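Per UniProt numbering, the very first residue in the sequence shown carries number 1; after that it's consecutive. From the three backbone atoms N, C-alpha and C, an ideal C-beta is built for every residue, glycine too. As the structure is a computational prediction, the values presented were derived from the model and not from experiment. Written out below as C-alpha cells is the structure these notes cover.
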Amino acid sequence: AVDEVTCTGQVIALVLANSQRIANKAAKAVVVEYECFPSIITIEDAIKNNSYLPGVEPRLIEHGNVDMAFRTAEHVVKGDIRIGGQEHFYLECNGTVAVPSENDEMTLYISTQGASHSQEAVAEVLGVPQHKIVARVKRVGGGFGGKESRSINSTVAVAVAAKKHNRPVRLFLERDSDMLSTGTRHPFYGEYSVAFDGNGRLQALDVKIYNNAGNSRDLSHAVVDRAVLHIENAYNIPNVRVKGRCCYTHTPSNTAFRGFGGPQGMLVGEQAIEHAANYLRIPAEAVRFINLYREGDVTPYGMKLANCTIRQCWQDLTRNVDVDRRRIAIDAYNKTNRYHKRGLSVVPVKFGISFVFRTLNQAGALVHVYLDGSVLVTHGGIEMGQGLHTKMIQVAATVFGLPMDKVFFSETATDKVPNATPSAASASADMYGMAVKNACDQLEARLKPVREALGGDPAWEQLVKSAYSQRINLSAQGFHKVPDLDSLNPSRAGKGRPFYYFTYGAAVSEVEIDCLTGDHEVLHSEIVMDVGRSLNPAIDIGQIEGAFVQGVGWHTMEELVRGGTTAHQWLPTGFLSTQGPGTNKIPGFRDIPRDFRVSLLKDAPNLEDTIHQSKAVGEPPLFLAASVFFAIRDACKSSRQEFFEDENLANAWFELDSPATAERIRMACADNISSRFADPQSFRAEAFI
Numbered sequence: 001a002v003d004e005v006t007c008t009g010q011v012i013a014l015v016l017a018n019s020q021r022i023a024n025k026a027a028k029a030v031v032v033e034y035e036c037f038p039s040i041i042t043i044e045d046a047i048k049n050n051s052y053l054p055g056v057e058p059r060l061i062e063h064g065n066v067d068m069a070f071r072t073a074e075h076v077v078k079g080d081i082r083i084g085g086q087e088h089f090y091l092e093c094n095g096t097v098a099v100p101s102e103n104d105e106m107t108l109y110i111s112t113q114g115a116s117h118s119q120e121a122v123a124e125v126l127g128v129p130q131h132k133i134v135a136r137v138k139r140v141g142g143g144f145g146g147k148e149s150r151s152i153n154s155t156v157a158v159a160v161a162a163k164k165h166n167r168p169v170r171l172f173l174e175r176d177s178d179m180l181s182t183g184t185r186h187p188f189y190g191e192y193s194v195a196f197d198g199n200g201r202l203q204a205l206d207v208k209i210y211n212n213a214g215n216s217r218d219l220s221h222a223v224v225d226r227a228v229l230h231i232e233n234a235y236n237i238p239n240v241r242v243k244g245r246c247c248y249t250h251t252p253s254n255t256a257f258r259g260f261g262g263p264q265g266m267l268v269g270e271q272a273i274e275h276a277a278n279y280l281r282i283p284a285e286a287v288r289f290i291n292l293y294r295e296g297d298v299t300p301y302g303m304k305l306a307n308c309t310i311r312q313c314w315q316d317l318t319r320n321v322d323v324d325r326r327r328i329a330i331d332a333y334n335k336t337n338r339y340h341k342r343g344l345s346v347v348p349v350k351f352g353i354s355f356v357f358r359t360l361n362q363a364g365a366l367v368h369v370y371l372d373g374s375v376l377v378t379h380g381g382i383e384m385g386q387g388l389h390t391k392m393i394q395v396a397a398t399v400f401g402l403p404m405d406k407v408f409f410s411e412t413a414t415d416k417v418p419n420a421t422p423s424a425a426s427a428s429a430d431m432y433g434m435a436v437k438n439a440c441d442q443l444e445a446r447l448k449p450v451r452e453a454l455g456g457d458p459a460w461e462q463l464v465k466s467a468y469s470q471r472i473n474l475s476a477q478g479f480h481k482v483p484d485l486d487s488l489n490p491s492r493a494g495k496g497r498p499f500y501y502f503t504y505g506a507a508v509s510e511v512e513i514d515c516l517t518g519d520h521e522v523l524h525s526e527i528v529m530d531v532g533r534s535l536n537p538a539i540d541i542g543q544i545e546g547a548f549v550q551g552v553g554w555h556t557m558e559e560l561v562r563g564g565t566t567a568h569q570w571l572p573t574g575f576l577s578t579q580g581p582g583t584n585k586i587p588g589f590r591d592i593p594r595d596f597r598v599s600l601l602k603d604a605p606n607l608e609d610t611i612h613q614s615k616a617v618g619e620p621p622l623f624l625a626a627s628v629f630f631a632i633r634d635a636c637k638s639s640r641q642e643f644f645e646d647e648n649l650a651n652a653w654f655e656l657d658s659p660a661t662a663e664r665i666r667m668a669c670a671d672n673i674s675s676r677f678a679d680p681q682s683f684r685a686e687a688f689i
C-alpha cells in the first residue's frame, strides 16, 4: 500500500534481515501513523452505503415467471440468513523462497495451488518474460482454496526483494500475519421469498444474496457466480430468480474456499425450505424429498440433468438409517428431557463440477519412460493432501500394466508443464488424470508394434530397451480439455452448460444440545455419496469425511470476530481478533460425529467421459454438514415447543444464523431467561465480516 490503506492487515512494507527472528523484531518496531476515515466493515454496512465492487455487475439467473408464481401461490414465506466466513487454517502458512540467477532468471519454491499464476505475476512485476521464471511446488501443507490466488502477494514481494539484492530471499508468514492478511471464506447474507402449495411442493424461489468481497476483487465475482448457480441445490423449482452482489468493504480481500460460494448459496435455499416446512408443520425432509430433481429435469440456467442419482442417494441413505424410526426415538427422548434436546436433519447436495470460467478447464502432463523401465509422471496439478499424485500414479500404472512402485511423481514445475490451471474446483483428478492418460496412451501406441515384434508379452524392461534401440521417443506430452461447456454469464441471466456433470450425495445427522449452555454433540452422521467409479475409494472416503468435518466447523464454531461491528465495539475497527488456534475454534476430536459412516453409491459409473468414469469428490461433501446445522435447529425447536404453551408461539419460525455457536444455540432455546430479551433479534449475528 502507498499513502492509503483500505483494511487492517494490508501489507505496507517488507522487512529484510539475515534471520527470521531479526526480521520479525524489526517489523514489530515499525511505527505507522494513520489518519482514520469512515469505514465499511459488514455486509449490512455495504448495502446501506451502496458499496459494491467497482466493475462487477450484479449476477442474475431467472427461470420461469417468478412474479406470476408468487401472485397465484397458495403459501408464501419470507426470511433471511446470515452466513459467516471461515479461516482456511491450513497447517502450513504461506511461504516462498526466491532464488535469482543469471540473465534475469529466477526459481521460485512456493506453497501455492497455482504455480503458473505465480509465475505469471512475478514475470509481470519484474518485467521479464515468463520463460525466465520457474515456479516449483513439491507439495503444499493444505490449501482449501486459500493458496489459489492470495499466495501471489507474498510471492511477488519476495521476488522483488531477491532481484533487488541479487540473493535468495525466503518469506514464511507466521500464523497471525497469515490470518490477518490473506482473507477467508466469503461471508454471505441472503434474503429469500419462497412460494409453495399445501403439500410442500415448491412453486417459486426469489433470492437476493450478497457476499463480503473485502477490499479488492480477487475471486469474489466468481464466488458469487457459483452461489447463484447453486441456489436451488438439488430441487426442481419451476420459477427461480436469484440476484447476487459483491460488497466492497474495508476488510482483507476474501477468497476461494472449498465449495467456492456453492455452499453459501445452497444454505440460503435450504433455509427457505426449512421455513416452508415449519409453516406447514411437516418434517423438512418430506418437503425436500418431494422436490428432488429427477432424470431429465432442467436447472434454472437451462442445463438438462443426465445421470441424476440424487433420489437414489437419498433413498439408500434413508433406508440405511431408518429416519422414521429415529424420529420416533428422538421425540420420545425429548419428552423426557427438559434441558437436553435432540434433533435430526436430512440434506442432499448437487454440486456442479467444472470451472465456471470455461478457459480454465484444460490440463497438461508430461510422462517419461527411462531405460531401466521406471516412469516419471509430471502434471500441472498441486498435491495438497488430497491424494492427487497417488491417483495420477494409479492412472499411469494402469495404462502400462505396471505396479505402482514403477511410477514416480517428483514435483510440479512450470518448466515441465506450462500454463497450468490451479488445483481447485474439485477438477484436478478429472483433468490431470485425463492428461496423464493421454500421454501414456501415446507411449503405449508407440510401444505396441515393438511389443508385438517381441512376441506379444515381453518384460517391461526388455520392451523399453528395445524401443530405445529403435529410436522410439519414450517421452510424451498429454493434454485434455473438458468438452461441451459454455461460458455462462450470470450477469445477463445466462443459460447454458457451465458444468460438465454433477456430484450428488445425501447426509443425515442427529445431534443433542444442552439447552442451558448451548453446547452440542453430533451423535450420528451418515453419508451416501455418488463419486462414480472411484479411482481410489480409501482416498475418496477420506475426502468425504474431511470435507464434512470442515463443514461442521464452519456451521457450528468457526466464528470470525472483527472490530468495528455493533457486537464488538471494544475492538479496533476492522481488526480480526480470532487469530491462531487459541481463539479460532476449529473442530477437534470431540466434534467428530460419535457414530460416523460413509458409503459410496454402488453401480453408478459417471456416464460422461471422465477418467475411468470417476467423479470429483473434494468439495461436494462439505455442504452435507448443513445436516448438523439444521439438526441443531430441530433440537432448538423442540425446546421452544416445550416452553411455550401457545401453539402458535411454540411453532413460530425463529432465526438461527450460521455458525450456530453455543451462544446462539443457547438463545434460540426458549426458557425464562432467553424469553426476557425484549428484542428477539438480539442474539442474531450481524451480517458477518
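Query                                                                                                                                                                                    : Result
How is Thr-251 classed by DSSP in three states: helix, strand or coil?                                                                                                                   : coil
So what's Tyr-52 in DSSP terms, helix, strand or just coil?                                                                                                                              : strand
Closer than 8 Å to a non-hydrogen atom of the ligand MN - does that hold for the CB of Gly-478?                                                                                          : Because no ligand of any kind appears in the structure shown, any question about the ligand MN cannot be addressed here.
Pull up the DSSP beta-bridge partners for Ile-81, would you.                                                                                                                             : Gly-190
May I ask you to report which of helix, strand or coil DSSP gives Gly-373?                                                                                                               : coil
According to DSSP, which residues form a beta bridge with Thr-378?                                                                                                                       : Leu-366
Any idea if Arg-590 is buried or exposed, counting beta-carbon neighbours within 10 angstroms, 16 or more meaning buried?                                                                : exposed
Counting pairs of Cβ atoms below 8 Å between the region 663 to 678 and the region 634 to 641, do you hit three or more?                                                                  : yes
Classify Asn-18 as buried or exposed, calling it buried when 16 or more other Cβ atoms lie within 10 Å of its own Cβ.                                                                    : exposed
With a threshold of 16 other CB atoms inside 10 Å of the CB of Met-392, please say whether the residue is buried or exposed.                                                             : buried
Helix, strand or coil: which one does DSSP assign to Glu-285?                                                                                                                            : helix
Is Pro-38 helix, strand or coil when you go by DSSP?                                                                                                                                     : coil
Give me the Cα-Cα distance between Phe-136 and Tyr-468, rounded to the nearest whole angstrom.                                                                                           : Before going further, note that residue 136 is Arg rather than Phe in the sequence given. The straight-line gap from Cα to Cα measures roughly 30 Å.
The beta strand (DSSP E) with Lys-350 in it runs from where to where?                                                                                                                    : 340 to 353
Whole-angstrom Cβ separation of Tyr-339 and Leu-516, contact assumed at under 8 Å?                                                                                                       : 5 Å
At which residue ranges does the region 428 to 469 contain complete alpha helix (DSSP H) runs of 4 or more residues, listed in the order of the chain?                                   : 428 to 453 and 460 to 469
Checking 9 Å against the spacing of the C-beta atoms, do Asp-322 and Tyr-189 come in under that value?                                                                                   : no
Below 9 Å between beta carbons: does that hold for Thr-249 and Thr-42?                                                                                                                   : yes
For the region 489 to 564, list the alpha helix (DSSP H) runs that are entirely contained and at least 4 residues long, ordered along the chain.                                         : 537 to 556
Is the beta carbon of Ser-509 less than 9 Å from the beta carbon of Arg-358?                                                                                                             : no
Need the endpoints of the beta strand (DSSP E) that Tyr-109 sits in, please.                                                                                                             : 106 to 110
Going by alpha carbons, who is nearest to Ala-435 out of Val-417, Ala-445 and Asn-211?                                                                                                   : Val-417
Can you confirm whether the region 81 to 98 touches the region 646 to 660 when touching is taken to mean that 3 or more C-beta pairs between the two stretches lie within less than 8 Å? : yes
Under three-state DSSP, which class holds Lys-615?                                                                                                                                       : coil
Helix, strand or coil: which one does DSSP assign to Tyr-90?                                                                                                                             : coil
Ala-204 bridges to which residues according to DSSP?                                                                                                                                     : Ala-195
According to the neighbour-count rule (16 or more other Cβ atoms, all chains shown, within 10 Å of its Cβ), is Thr-6 buried or exposed?                                                  : buried
Tell me where the alpha helix (DSSP H) around Leu-649 begins and ends.                                                                                                                   : 647 to 650
Residues in the same chain with beta-carbon distance under 7 Å from Ile-310, minus the five sequence neighbours each way, listed in chain order, please.                                 : Ala-234, Leu-292, Tyr-293, Pro-348, Lys-350 and Tyr-504
If we count the other Cβ atoms within 10 Å of its Cβ and call it buried at 16 or more, is Val-32 buried or exposed?                                                                      : exposed
Would you report the Cα separation of Arg-326 and Asp-671, rounded to the nearest angstrom?                                                                                              : 26 Å
Report the option in Val-287, Glu-174, Lys-243 and Phe-643 whose CA atom is closest to the CA atom of Gln-203.                                                                           : Val-287
Round the Cβ separation of Ala-276 and Val-194 to the nearest angstrom and send it over; I've been treating them as touching at under 8 Å.                                               : 5 Å
If the criterion is Cβ atoms closer than 9 Å, does the pair Gly-127 and Ile-110 meet it?                                                                                                 : no
Measuring CA to CA, which of Leu-171, Ile-209 and Asn-254 is closest to Arg-150?                                                                                                         : Asn-254
Taking Gln-579 as the reference, which of Arg-594, Gly-563 and Ala-567 has the closest Cα?                                                                                               : Gly-563
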